[in-house]
Amino acid sequence: MADLAALMQGLGEPKFRAGQVFAWLARGMKPQGMTNLPQGLRDTLSALPFGGARVHDRFISAKDGTVKYLFELEDGNLVEGVLMRYRYGNTLCISTQVGCRMGCAFCASTLDGCVRNLTPGEMLSFIARAEEDEPLKEGAVRAVTNIVLMGSGEPLDNYDNVVKFLRMVSAPEGMNISPRNISLSTCGLVPKLLRFMREAPHVTLSISLHAATDEARSRIMPVNRRYPIAELLGAAKAYAQETGRRVIFEYALILGQNDSSADASALAKLVRGIPCHVNLIPLNAIKERGLKGATREGAARFAESLVALGVSATVRRELGTDIEGACGQLRRRVLQQKNDSSEETLP
Ligand code: SAH
638 MADLAALMQG LGEPKFRAGQ VFAWLARGMK PQGMTNLPQG LRDTLSALPF
688 GGARVHDRFI SAKDGTVKYL FELEDGNLVE GVLMRYRYGN TLCISTQVGC
738 RMGCAFCAST LDGCVRNLTP GEMLSFIARA EEDEPLKEGA VRAVTNIVLM
788 GSGEPLDNYD NVVKFLRMVS APEGMNISPR NISLSTCGLV PKLLRFMREA
838 PHVTLSISLH AATDEARSRI MPVNRRYPIA ELLGAAKAYA QETGRRVIFE
888 YALILGQNDS SADASALAKL VRGIPCHVNL IPLNAIKERG LKGATREGAA
938 RFAESLVALG VSATVRRELG TDIEGACGQL RRRVLQQKND SSEETLP
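According to this note's numbering, the sequence shown is numbered sequentially starting from 638.
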């Protein structure tokens, strides 16, 4: 807001314009759609990088209606988003970075590293684009009711922009989406996580755990060498204590790597005493990675073992498996196709 006030002053505009522009931006609107501004100001703002995305492509799952978006940013970069339909409303999964630099061994988003951070305006525009596309349910105020920061990128590696985005998206004059309807998933940048839970205590926290020992976790998640499991779980415990809310642990079951009954026992021992829920998902195999997912039956057995050991756990329903729902898969295929076709045209 302070930045906008300074911008309006610099443009010789009255003060109240900053509030008007903020309300539009918080709704993901591009300058030409800001209908209560004079045309001249809309043109001036259009020349500034407000970072609205446009829909580059869209795939709808024939199985469950999940929509996978490929958004194109103003600089031509592509990022993914996924709209999942549930009985209570629609959840939009959005990306926070173009690519990712965390290097997890099973994830497609990180294969080419991190290109850049996304801005708050870009993240807001993903919601606006999805809503433009989506019919309103009867009696609903908005089409996107829940947001998960679980697309490409590590949200806490783009800390300032993510926090600004969260403030804007829940502003009453903007989209007014409550922080309680927003989840953030992190691979475990512990110092940023400790800061985040003080600044955004109402956001639901998911932690990508994926292994129960440091040795196994460091093998698949390089971040663990920097912030080992004990430190990460210390932060998770602090979150639960300070906010009174459960932590969600994400655990992707990788065939033969972290899916044995010994792994289930180690995991149960680890999270004992932390108010939590374990979300299990058979790994979505990425062809470049050479890792396979556990079977549905294997996942169900793992969940039963955890429950028998007193841990709340469920196998997550997989949505959009026919449209490359997993992080970074779709963007990567489209980029590869672009590269392949440009190679063909070389002399
Ligand atoms: N960087 C954040 C958020 C993005 S990933 C994080 O690590 O949490 C969202 C979730 O998808 C994470 O739990 C991630 O580990 C998981 N994931 C990534 N690739 C996957 C795959 N191939 N199969 C299943 N889950 C995957």
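C-beta atoms are modelled at their ideal positions from N, C-alpha and C, and glycine is treated no differently.
This one's a predicted model, so the numbers in the text were calculated from it and none came from an experiment.
Taking the Cα positions, residue 698 is about 15 Å away from residue 729. Taking the Cα of residue 700 as reference, the smallest distance to any Cα among 691, 722, 877, 717 is reached at 722. Not one heavy atom of ligand 1 sits closer than 7 Å to the Cβ of residue 742. In the structure shown, the three-state DSSP call for residue 822 is strand.
Excluding five sequence positions before and after residue 747, the CB atoms of its chain that fall closer than 8 Å to its own CB belong to 736, 737, 738, 739, 740, 741, 965, given in chain order. Note that the region 759-771 does not touch the region 815-834; fewer than 3 beta-carbon pairs, one per stretch, sit closer than 8 Å.
Between the alpha carbons of residue 662 and residue 656 lies a gap of roughly 10 Å. At a Cβ-Cβ threshold of 8 Å, residue 864 and residue 834 do not count as neighbours. Per DSSP, residue 795 lies in no beta strand (DSSP E) segment and is marked neither H nor E. Annotation: the continuous alpha helix (DSSP H) that includes residue 835 extends over 827-836. Secondary structure of residue 728 (DSSP, three-state): strand. Shown here for residue 790: same chain residues with a beta carbon closer than 6 Å to its own, the five before and five after excluded, namely 732, 733, 734, 737 in chain order.
Put simply, the backbone Cα of residue 838 is about 6 Å away from that of residue 880. At a cut-off of 7 Å, the beta-carbon of residue 850 does not count as near ligand 1: no heavy atom of the ligand is closer than that. Comparing C-alpha distances from residue 882 to each of 908, 841, 894 shows the shortest one belongs to 841. For residue 823, the shortest separation between its Cβ and any heavy atom of ligand 1 lies below 7 Å. Residue pairing by DSSP puts residue 734 in a beta bridge opposite 754. Between residue 866 and residue 641, the alpha-carbon positions lie close to 42 Å from each other. Minimum Cα-Cα distance from residue 829 among the listed residues 751, 792, 929, 934 corresponds to 792. Taking the Cβ of residue 895 as the reference point, every heavy atom of ligand 1 lies at 7 Å or farther away. Annotation for residue 854: the continuous alpha helix (DSSP H) segment containing it runs 851-857.
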